[in-house]
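*Asks:*
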Amino acid sequence: MAEEYLTVREVADLMRVHKQTVYRLVWAGDLPRIDIGQGRSRPRFRIRRSAIDALMAANEKGKAA
Numbered sequence: 534m535a536e537e538y539l540t541v542r543e544v545a546d547l548m549r550v551h552k553q554t555v556y557r558l559v560w561a562g563d564l565p566r567i568d569i570g571q572g573r574s575r576p577r578f579r580i581r582r583s584a585i586d587a588l589m590a591a592n593e594k595g596k597a598a
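Just so it is clear: in the sequence shown, position 15 is 548 by this note's numbering, and no numbers are missing.
So this is what it looks like as structure tokens:
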């Protein structure tokens, strides 16, 4: 199955957070990005769906061991 690449807005919608939260996760190095070029005001990038799933699983509270 092909990997899914998402925009910041799509990631924010998926995680149900503000776009700025996604940017903070990326700039902190907690959410890896794939650079695709330079936009007018900031770098353009995409985020793998698998990276989001891994981040969410790593931060999941109360999961069975």
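Just so you know, even glycine gets a beta-carbon here, dropped at the ideal spot from N, CA and C. From a predicted model like this one, the values you see are computed outputs, not experimental measurements.
How big is the Cα-Cα spacing for residue 592 and residue 585?
*Replies:* C-alpha separation (whole angstroms): 11 Å.
*Asks:* Use the C-beta contact count for residue 567: other C-beta atoms within 10 angstroms, 16 or more gives buried, fewer gives exposed.
*Replies:* exposed
*Asks:* Tell me the DSSP secondary structure of residue 588 in three-state form.
*Replies:* helix
*Asks:* Beta-carbon separation of residue 570 and residue 577 under 8 Å?
*Replies:* yes
*Asks:* Looking only at its own chain, which residues have a Cβ that is under 6 Å from the Cβ of residue 554, when we skip the five neighbours before and after it?
*Replies:* none
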